[in-house]
Every structure is written in C-alpha cells, then in structure tokens.
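*Asks:* First residue of the sequence shown: 5, per the numbering used here; consecutive thereafter.
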Amino acid sequence: PEIYENYFADAMMHEYGLDLTADPQPNFIPFPYVHGAAFGGGPNWHTIIATMNCGGFAALLFTFNATCSIIIVRKIEKSNISEASHRLHLALLRALIIQFSVPVVLCVIPFFLLIGLPITGLSFNLTGNVLGLMVSFFPVVDPICMILAYSK
Numbered sequence: 005p006e007i008y009e010n011y012f013a014d015a016m017m018h019e020y021g022l023d024l025t026a027d028p029q030p031n032f033i034p035f036p037y038v039h040g041a042a043f044g045g046g047p048n049w050h051t052i053i054a055t056m057n058c059g060g061f062a063a064l065l066f067t068f069n070a071t072c073s074i075i076i077v078r079k080i081e082k083s084n085i086s087e088a089s090h091r092l093h094l095a096l097l098r099a100l101i102i103q104f105s106v107p108v109v110l111c112v113i114p115f116f117l118l119i120g121l122p123i124t125g126l127s128f129n130l131t132g133n134v135l136g137l138m139v140s141f142f143p144v145v146d147p148i149c150m151i152l153a154y155s156k
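1) For Pro143, which three-state DSSP category applies?
2) Using 8 Å for Cβ pairs, my map puts Leu110 next to Val145. What's the rounded Cβ distance?
3) For Pro114 and Ala63, I'd like the C-alpha separation in whole angstroms.
4) Identify the residues that DSSP records as bridge partners of Pro178: which are they?
5) Grab the span of the alpha helix (DSSP H) containing Ser105 for me, first residue to last.
6) Excluding sequence positions up to five away, which residues of its chain have a Cβ less than 6 Å from the Cβ of Cys149?
7) Helix or strand or just coil, what does DSSP make of Pro114?
8) Give me whichever residues DSSP pairs with Pro122 in a beta bridge.
Here it is as structure tokens:
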C-alpha cells in the first residue's frame, strides 16, 4: 500500500479550515493565547493564567524535590553508618536523581516549551518536531543513564 505523506492535511482542512499544503505553511498555534476577532481580540487571560499555574506548580514540585535531595544528602553525611552503606545510600540517591532528571529534561521541559513558545508570537517551524523527538528519546535514554549510573 502507498504511504500517504500528509495524512493530517484532510483532517486539519475539515476541522479547522487550515490548508497544510499551502506555501508558505500556516502558522497554526493550538493554544488560544489571543482571542479571535469574534471574541473581541486581546489576550486570553484564562489560557495565560492556566498555563502559568501549571508552570508554577511544576516549579514548586521541582523545588520540593531539590530541597528533599539536599536534606537527604546532609542526613547521610552526618549519619554514623559504615562506608559501604554510605556509598550504597549515595548510589541509590544518585539513581533517584537520574530517574527524576531524565524525564524532566526529555519530557517535561519540551512540553512546557511547546506550550510556552507560541505566546512569544514567533514562528518556530521545526522546533516542535525536535521537541517531539526529544520526548520519543526518553524510553531509550533513561535505561542508558541508569546503566551508566550503576556502573560507576
């Protein structure tokens, strides 16, 4: 069977009236940061505030995780445990930090960039493709990072 190159073109034309085969391609932003003319124009504060709330909540969680990691390291340093147990605890903490960091770098940050970049009003043609590719790298990169962490 023949592979249809632009299989979303029909759906985008039917649902949104966007011709993806046009030259230049339309700059379609799926997040309504600005009201259309039918809604009076101007910023869509509901969408902007909801986006900021999600970003603020994520920042709060990252801060909490970093604070807990620092507290754990300090407790391990002050504890009277054997050297082997000390190394084991630090290795497990390193593994936990890697297990937290890899999804943040490859999934969370690209997602927030995909949501946040349209608010700048700039055209970012292939950026969405690159950020989507980063998300697809996560299942491969995560175990590699864990193997490298355990090998040290």
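The beta carbon of each residue, even a glycine, is placed where N, CA and C say it ideally should be.
*Replies:* Reading it off the structure:
1) helix
2) 6 Å
3) 15 Å
4) This structure leaves residue 178 out entirely; the chain is present only between 5 and 156.
5) Glu87 to Pro107
6) Ile102 and Val106
7) helix
8) In DSSP, Pro122 forms no bridge with anything.
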